[in-house]
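Numbering of the sequence shown is given in our numbering, commencing with residue 7 and proceeding in unit increments.
Quick reminder that beta carbons are idealized off the backbone N, C-alpha and C, glycines included.
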Amino acid sequence: MEINKIYCEDCLATMQKMPNNFVDFIITSPPYDDIRNYNGYRFEFEKIAHELYRILKEGSVMIWVVADATINGSETGTSFKQALYFKEQVGFLLHDTMIYYKNNPMPQTGKRYHQHFEYMFAFSKGSPRTFNPITEPTKYRGIANMKNRGKNGSLEYEKVLRTTEKKVGNVFFYSIGGGISTKDKIAYHHPAIFPEQLVYDQIYTWTNEGDLVYDPFMGSGTTAKVAQMMKRKWIGSEISAEYVKIAKIRLENYCKLFQ
Ligand SMILES: C[S@@+](CC[C@H](N)C(=O)[O-])C[C@H]1O[C@@H](n2cnc3c(N)ncnc32)[C@H](O)[C@@H]1O
């Protein structure tokens, strides 16, 4: 299997070439609910779900970024159905339901609030072996009284030392759109790119240098570029030759910067 390559094919074909327990991390956004056409390609969710589990190493994590379309007045619930399928039929642990919060989404008309988020389901194959948490400065430092509810509901106090940094919450905030998600103009020829920072944050959290990252729906190549930047190995699948071309130009331009 060639490393640092985008396979221009159905991701099922790529995964069939991979042995069991092969990749250290998966991050992806599938083509959900026919929200966009993506040159007309579809995917077989259930088969892909089982393959993703098979090729992922024990103790590894998969980030699955999805939202729902609204059809005939109702959100489809596809994201929940997929999450439960991964958990109940495939064997993943639903480690953390994280949120990708868009600071500046497309405004919604009608009787709904603006759609600000997508799910970033963090599934794991057993307990995650790598966790490098993103932190932020704490407001208060020093010894503090921490309140907890005991088993019988009573309040229990514990002395803890508040350090200067604490883990961030599981809602990750990103501004998106032209010039913000990425500076690579060519990427915007794809209709639904990841913000580079989102991919950076997730790779940072769940992997270490040298690990192998897989994106089964590579699109414009965001995962490949960020993995390369972060000294991880990577493999991608993308069924559309047009998008693979975009991703290759994007990667070539990025690599040229460092020659
Ligand atoms: C939401 S986009 C991914 C965008 C990507 N995260 C980025 O930053 O550019 C989903 C991609 O999956 C591709 N796709 C659809 N079915 C596929 C399949 N069966 N195998 C591989 N790729 C597929 C589409 O062509 C589309 O580019």
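Can we count residue i as close to ligand 1, meaning its CB is less than 7 Å from some heavy atom?
{"i": "GLU57", "result": "no"}
{"i": "SER80", "result": "no"}
{"i": "ALA198", "result": "yes"}
{"i": "SER246", "result": "yes"}
{"i": "THR228", "result": "yes"}
{"i": "TYR249", "result": "yes"}
{"i": "CYS17", "result": "yes"}
{"i": "MET224", "result": "yes"}
{"i": "ARG238", "result": "no"}
{"i": "ARG168", "result": "no"}
{"i": "PRO37", "result": "yes"}
{"i": "LYS48", "result": "Note that residue 48 is Arg in the sequence shown here, rather than Lys. Yes, ligand 1 has a heavy atom inside 7 Å of this Cβ."}
Quick one: what's got a C-beta closer than 7 Å to residue i's C-beta in the same chain, skipping five residues either side?
{"i": "THR213", "result": "ASP30, PHE31, THR136, VAL219 and ARG238"}
{"i": "GLU124", "result": "VAL71, VAL72, ALA73 and TYR106"}
{"i": "GLN114", "result": "HIS120 and GLN121"}
{"i": "ASN138", "result": "TYR210 and THR211"}
{"i": "PRO36", "result": "PHE49, VAL72 and PHE223"}
Span of the alpha helix (DSSP H) holding residue i?
{"i": "ASN259", "result": "247-262"}
{"i": "LYS4", "result": "With the chain represented from 7 up to 265, any question about residue 4 goes unanswered, as that position is not in the structure."}
{"i": "MET224", "result": "Neither: MET224 is in no alpha helix (DSSP H) and is coded neither H nor E."}
{"i": "CYS14", "result": "Note, CYS14: premise wrong, no alpha helix (DSSP H); not H, not E."}
Between residue i and the rest of its own chain, which residues show a CB-CB distance below 8 Å, the 5 nearest in sequence each way excluded?
{"i": "ALA193", "result": "SER187, ILE199, SER226, GLY227, THR228, ILE252 and ARG256"}
{"i": "ASP207", "result": "ILE140 and PHE178"}
{"i": "VAL232", "result": "GLU202, VAL205, TYR206 and ILE209"}
{"i": "LYS93", "result": "LEU99, LEU100 and PHE129"}
{"i": "ARG147", "result": "ARG168, THR169 and THR170"}
{"i": "GLN22", "result": "GLU57"}
My understanding is that residue i touches residue j, with C-beta atoms under 8 Å, so please give their C-beta distance in whole angstroms.
{"i": "VAL67", "j": "PHE129", "result": "7 Å"}
{"i": "PHE223", "j": "CYS17", "result": "7 Å"}
{"i": "ILE33", "j": "ILE69", "result": "4 Å"}
{"i": "ILE149", "j": "LYS165", "result": "6 Å"}
{"i": "LYS131", "j": "GLU64", "result": "6 Å"}
{"i": "ILE9", "j": "ILE241", "result": "6 Å"}
{"i": "GLU15", "j": "SER243", "result": "6 Å"}
{"i": "TYR91", "j": "GLU52", "result": "7 Å"}
{"i": "ASN110", "j": "ASP190", "result": "About 19 Å; that fails the 8 Å criterion."}
Name the two residues that bound the continuous beta strand (DSSP E) containing residue i.
{"i": "MET126", "result": "123-130"}
{"i": "LYS239", "result": "239-243"}
Can you name, in chain order, every residue of its own chain whose Cβ lies under 6 Å from the Cβ of residue i, other than the five neighbours on each side?
{"i": "ILE12", "result": "MET224, GLY242, GLU244, VAL250 and ALA253"}
Checklist line | Unbroken stretches of the beta strand (DSSP E), 3 residues or longer, contained in the region 142-216 | finding: When DSSP assignments are scanned along the region 142-216, the uninterrupted stretches of beta strand (DSSP E) that are 3 or more residues long and fall wholly within it turn out to be 148-155, 161-168, 171-173 and 177-180.
Item checked: Entirely enclosed beta strand (DSSP E) segments - the region 30-118, minimum 3 residues -> Qualifying beta strand (DSSP E) stretches, in chain order: 62-72 and 99-108.
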